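*Asks:* Shown below is the structure under consideration.
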Amino acid sequence: MKQPQVFFVTGKGGVGKTTVAASLAVHLADEGRRVLIVETDHGGQLADLLGAGDLSAEPKPVAPRVAAARLLPRALVEDYFRGLLRLPFLANRLLNSRSFNALTAAAPGVAEFLLLQKILEWAEPGWRSRSRYDVVLIDGPATGHALKLLGTPRTIASLVPAGPIGAVARGALALLADHTRTHVLVVTLPEELAVTETLEAYDALRNDLAVDVLRPVINRIYPRRFSVHEVEQLLASDERDHPLVIAAQYQLARRRDTERHIQRLRRHLPQSPLSLPMVFDQQLSAAHLHRLGETLAPLLETAPA
Amino acid sequence: MSARRILRKKVILCVGAGGVGKTTVAASIAVASALRGRRTAVITVDPARRLKDTLGLGELSTHPRAVALAGAQEAGSLHAFALDAKHTFDALVERFAGSAAAAQRILDNRLYQELSTSLAGSAEYMAMEKLHHLVTHERYDTVVVDTPPSAHARDLLGAPNRLLDLLATRAVSLLRSPGSLLSGTGSLARVTLSTLLKALERWTGMNLLSDLSEFTAAFEHMMEGFADRARQVETLLHSPSTAFVLVTTPETHTVATTVEFHHELCEAGYPVAGVIANRVLAFPELDAEALAGNGWPERLRQRLLANYEDLRRLSRRDERMLARLQTEADAPLLAAIPLLTELPVSVVQLRRFAQYLS
Chain U
9 MKQPQVFFVT GKGGVGKTTV AASLAVHLAD EGRRVLIVET DHGGQLADLL GAGDLSAEPK
69 PVAPRVAAAR LLPRALVEDY FRGLLRLPFL ANRLLNSRSF NALTAAAPGV AEFLLLQKIL
129 EWAEPGWRSR SRYDVVLIDG PATGHALKLL GTPRTIASLV PAGPIGAVAR GALALLADHT
189 RTHVLVVTLP EELAVTETLE AYDALRNDLA VDVLRPVINR IYPRRFSVHE VEQLLASDER
249 DHPLVIAAQY QLARRRDTER HIQRLRRHLP QSPLSLPMVF DQQLSAAHLH RLGETLAPLL
309 ETAPA
Chain G
2 MSARRILRKK VILCVGAGGV GKTTVAASIA VASALRGRRT AVITVDPARR LKDTLGLGEL
62 STHPRAVALA GAQEAGSLHA FALDAKHTFD ALVERFAGSA AAAQRILDNR LYQELSTSLA
122 GSAEYMAMEK LHHLVTHERY DTVVVDTPPS AHARDLLGAP NRLLDLLATR AVSLLRSPGS
182 LLSGTGSLAR VTLSTLLKAL ERWTGMNLLS DLSEFTAAFE HMMEGFADRA RQVETLLHSP
242 STAFVLVTTP ETHTVATTVE FHHELCEAGY PVAGVIANRV LAFPELDAEA LAGNGWPERL
302 RQRLLANYED LRRLSRRDER MLARLQTEAD APLLAAIPLL TELPVSVVQL RRFAQYLS
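Residue numbers (our numbering), protein chains in the order written: chain U, 9 to 313; chain G, 2 to 359.
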């Protein structure tokens, strides 16, 4: 049986990581694959997007062939220590103690490690149980934290070579290093800082972490509506202050900016970015997710699934 | 309070979620303040060093850089600081440790190295420390702080206390008598605690107990200095000459975060001046006459209309979110900054940006 593919989505805060992850999940499911999508922060946007109510660490079906789960680092740490303690009253007292919290906070990588362990359980058939999924898709944290998360197994594996923890670390390390199975997707926007952060992330992902990185996805691209010539003519006319002309001028400026940012990504990265259109509607619907998902399909050509 | 009146404050903290443009807003406030003749400093703790881009400086360091400002009123000046948590922390240890040898012992301790670089909250702590230093020792008229992105006030402002918790006597007493953490539960508690500490040691690969005991012993006599400093920072943050400015964008989740943040700040008694909404699209509803256009070819007119409708839809969403912000957070909207096609990266652009604040 084929082992599940793992997609890890990251990017600067607010670029639309969750939307991209959800669209990709929906698209993969449309293609007949069984997908688990995992939210990893407090945002709760995934549940909203999928119309799924509350999500927990236990995957639940949210659409045909799509299951969703939500992993909260803090809850993972608490569960872990509760499991170790077994006596609930002691566990509660300890977990509520500020000194103890400070101590666990100081211990590096505990939350990250538990998160990866959980993902590994889903992604590795034979790791406790056979995987029920063809794809495990992680709606990851923002770039900085994601790099830390992906770097954790290497740190732990070198610190704790033996024992069950060392084994999990090595398992996670092998999974991340497997370019045929694990793919990192960086989402960005046509904005200066988002592009800069993307270029930095690519460098760290490829060179330091040596993981497979897909084409970047550049989100919220305005459609091409006017030619430069057209807008110039409008601006040269008596109607240059007409609100419709001002709006057209604004649109063209956005487009021009976008082009510049795409060129910058092209110049510095081996793969050209994939553009995702701006959605002007008030609320993203399931139909949007399917449409955006189709636009994302070329990503999978470089990632045999 | 208007955005202009904020400029009379001594300390201005820009707070909010990640990606809302805090850095740009903080830099513009700082530029506006300097232009009005005040000696101004701006601090950023953002690891991406965005302020560096925004202020057009090649390399920011923990040492101040004067930002060239043409046309500032006579005494006005602007210095920009990028915070490096590790360096500020090290400097603090050197100041409070008593002797060079004691300082070195701490600096070499693995737990300290972990704490000072990676502990959640150390950047926040250092921002407050730097703020205190600039206000009390450097005599700036105004210090603007671009705070680390936080979803909750407690993440940002609770950091000094959380950090002190680890260092404080509770941690020390924990080492002397591990059972004290679970007072009254006797030997069972001790067994439990040692299980946990062993588990933690497995994670970290360090000899956590001995590292911690060395660390706390070295820190013990520095505690008073630290705790005293934390109290002074608290006082400064609650002072009437301080203004918290919530920076938000009109996106649903950001607005929800901002409302919650506002609530937490008020609850804790911090002086909130109001909200600055960034990246607001404002294309108004058009009347029939405007929509009819003016003799444009029909196909062009249709495209102009479709484009306007796109932007109008985004504007409508923004209007609704700002209205919700006003109802749910009882804070004045200090400014709504339009969505610009270009991020202000030069001082000239920042000055233009700053005009939206007044």
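Ideal Cβ placement from N, Cα and C applies to all residues, glycine included.
As the structure is a computational prediction, the values presented were derived from the model and not from experiment.
Could you list the residues in the region 301-320 of chain G with a C-beta less than 9 Å from some C-beta on chain U, going in chain order?
*Replies:* Leu-301, Arg-302, Arg-304, Leu-305, Leu-306, Ala-307, Asn-308, Tyr-309, Glu-310, Asp-311, Leu-312, Arg-313, Arg-314, Leu-315, Arg-317 and Arg-318
*Asks:* Report back the beta-carbon spacing between Asp-216/U and Thr-190/U to the nearest angstrom; my notes put them in contact at under 8 Å.
*Replies:* The pair is not a contact, with the Cβ atoms about 16 Å apart (cut-off 8 Å).
*Asks:* Report yes or no: is there a C-beta of chain U within less than 8 Å of the C-beta of Phe-284/G?
*Replies:* yes
*Asks:* Which same chain residues end up closer than 7 Å to Glu-205/U when comparing Cβ atoms and leaving out the 5 residues on each side of it in sequence?
*Replies:* Lys-20 and Thr-151
*Asks:* Under 8 Å, Cβ to Cβ, is there at least one residue of chain U near Arg-295/G?
*Replies:* Looking at the sequence shown, residue 295/G is not Arg but Asn. Yes - at least one Cβ of chain U is within 8 Å of the one on Asn-295/G.
*Asks:* Please check the pair Leu-84/G and Ala-35/G, which I expect to be a contact at CB under 8 Å, by giving their CB distance rounded to whole angstroms.
*Replies:* Actually they are not in contact, since the Cβ atoms of Leu-84/G and Ala-35/G sit about 20 Å apart, beyond 8 Å.
*Asks:* From what residue to what residue does the alpha helix (DSSP H) around Gln-290/U run?
*Replies:* Element bounds for Gln-290/U: n/a, residue is neither H nor E.
*Asks:* Since Leu-124/U and Ala-180/U are thought to touch, with beta carbons under 8 Å apart, how far apart are those beta carbons, to the nearest angstrom?
*Replies:* 5 Å
*Asks:* What are the residues that DSSP puts in a beta bridge with Gln-13/U?
*Replies:* Val-143/U
*Asks:* What residues are listed by DSSP as bridge partners for Glu-47/U?
*Replies:* Arg-78/U and Asp-147/U
*Asks:* Does the beta carbon of Ala-291/G sit closer than 8 Å to a beta carbon anywhere in chain U?
*Replies:* Yes, Ala-291/G lies at the interface with chain U (some Cβ there is under 8 Å from its Cβ).
*Asks:* Would you say Gly-20/G reaches chain U, if we count a Cβ-Cβ gap shorter than 8 Å as a contact?
*Replies:* yes
*Asks:* Could you pull out every residue in the same chain whose Cβ sits closer than 8 Å to the Cβ of Ser-64/U, ignoring the five residues on either side in sequence?
*Replies:* Ala-77 and Arg-78
*Asks:* State the Cα-Cα distance for the pair Pro-48/G and Ala-42/G, rounded to the nearest angstrom.
*Replies:* Since pLDDT at Pro-48/G reaches only 43, below the 50 mark, its modelled position is unreliable, and the value read off the structure follows with that caveat. Those two C-alpha atoms are separated by around 18 Å.
*Asks:* Quick one, are the C-beta atoms of Ile-13/G and Val-246/G less than 8 Å apart?
*Replies:* yes
*Asks:* When DSSP labels each residue in this structure, what does Leu-8/G get in the three-state scheme?
*Replies:* coil
*Asks:* Less than 8 Å separating the beta-carbons of Val-16/G and Thr-148/G?
*Replies:* yes
*Asks:* Taking a contact to mean a Cβ-Cβ separation below 8 Å, would you say Gln-290/U touches Arg-318/G in this structure?
*Replies:* Less than 8 Å separates the beta-carbon of Gln-290/U from that of Arg-318/G.
*Asks:* Can the beta-carbon of Asn-279/G be found less than 8 Å from the beta-carbon of Thr-249/G?
*Replies:* Closer than 8 Å, so yes.
*Asks:* Applying the 10 Å Cβ sphere with the 16-neighbour rule, what's the burial state of His-88/G?
*Replies:* exposed
*Asks:* Using a Cβ-Cβ cutoff of 7 Å, what residues of the region 262-277 of chain G are near chain U? List them in chain order.
*Replies:* Of all residues in the region 262-277 of chain G, none has a Cβ within less than 7 Å of some Cβ in chain U.
*Asks:* Give me the chain U residues within the contact set of Leu-287/G, using Cβ-Cβ distance strictly less than 9 Å, ordered along the chain.
*Replies:* Pro-251 and Leu-252
*Asks:* What residue does the beta strand (DSSP E) around His-191/U start on, and which one ends it?
*Replies:* 190-196
*Asks:* For a quick check, are the C-beta atoms of Val-136/G and Leu-237/G less than 8 Å apart?
*Replies:* Yes, they are a contact pair.
*Asks:* Taking only beta-carbon positions, decide if Gln-53/U is within less than 8 Å of chain G.
*Replies:* yes
*Asks:* Could you check which residue in Leu-207/U, Gln-259/U, Asp-186/U and Leu-243/U has the C-alpha nearest to that of Pro-270/U?
*Replies:* Looking at the sequence provided, one finds Ile at residue 270/U rather than Pro. Of the candidates Leu-207/U, Gln-259/U, Asp-186/U and Leu-243/U, the one whose C-alpha sits nearest the C-alpha of Ile-270/U is Leu-207/U.
*Asks:* Whole angstroms is fine: what's the gap from Val-85/U's alpha carbon to Val-118/U's?
*Replies:* 7 Å
*Asks:* With DSSP as the reference, label Ser-316/G as helix, strand or coil.
*Replies:* helix
*Asks:* May I ask you to report which of helix, strand or coil DSSP gives Asp-109/G?
*Replies:* Assigned with DSSP and collapsed to three states, Asp-109/G falls in helix.
*Asks:* Looking at the unbroken alpha helix (DSSP H) that takes in Gly-174/U, where does it start and where does it end?
*Replies:* Residues 171-185.
*Asks:* For chain G, check one thing: does any of its Cβ atoms lie closer than 8 Å to the Cβ of Asp-220/U?
*Replies:* no
*Asks:* Thinking Val-225/U and Leu-282/U are a contact (beta carbons under 8 Å), I'd like their distance in whole angstroms, please.
*Replies:* 5 Å
*Asks:* Assign Glu-132/U to buried or exposed, taking buried as 16 or more other Cβ atoms, counted over all protein chains shown, within 10 Å of its Cβ.
*Replies:* buried
*Asks:* Taking C-beta to C-beta, are Ala-4/G and Leu-335/G nearer than 8 Å?
*Replies:* yes
*Asks:* Strictly by DSSP, which residues pair up with Gly-275/G?
*Replies:* Val-246/G
*Asks:* By how many angstroms is the C-alpha of Thr-266/U removed from the C-alpha of Thr-26/U?
*Replies:* 21 Å
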